[in-house]
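In what follows, a single structure is set out as structure tokens and then discussed.
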């Protein structure tokens, strides 16, 4: 029974990921108005919900697995997912203010 729940949870997360990939592909083939709609309707809410989904998925996987090794690895993976954006923001995404470039 718990394996069935784990499979359903994984499919929900994968379906959400497929929707995000579909929205990203819209940026390649659609005009700017439709790109904006794809971003506003899909990418924005999914970006805001990503921490909850990552933590929920890691916690559900740890709970339903029944194996301590799987639980530790799942929680570590969830933590790694949540650590990527802040670390990337401090690294190559950090841009100085344009006025600082003039000094």
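In the numbering used here, the protein residues as written are 1 to 103. Cβ atoms here follow ideal geometry from the backbone N, Cα and C, with glycine treated the same way.
(message) Tell me the rounded alpha-carbon separation between residue 47 and residue 5.
(response) 25 Å
(message) Is it the case that the stretch 18-30 contacts the stretch 42-58, given that we only count it when at least three CB pairs across the two stretches are under 8 Å?
(response) Contact between the stretch 42-58 and the stretch 18-30 is present, because at least three Cβ pairs lie under 8 Å.
(request) Could you give the DSSP three-state label for residue 67: helix, strand or coil? (result) coil
(message) Just to confirm, is the Cβ distance from residue 52 to residue 74 under 8 Å?
(response) It is not a contact, given that the beta carbons lie outside the stated cut-off.
(request) Just list the alpha helix (DSSP H) runs in the stretch 37-89, keeping only unbroken ones of 4 residues or longer that don't cross its boundaries, in chain order. (result) 44-65
(request) Spatial neighbours of residue 12 within its chain, please: CB distance less than 7 Å, with the 5 preceding and 5 following residues excluded, ordered by chain position. (result) none
(request) Kindly list the residues whose CB is nearer than 7 Å to the CB of residue 81, restricted to its own chain and excluding five residues on each side of it in sequence; keep chain order. (result) The beta carbon of residue 81 is closer than 7 Å to those of 54 in its chain, skipping five residues each way along the sequence.
(message) Using C-beta distances below 7 Å, list every residue in its chain close to residue 60, excluding the 5 sequence neighbours before and after it, in chain order.
(response) 9
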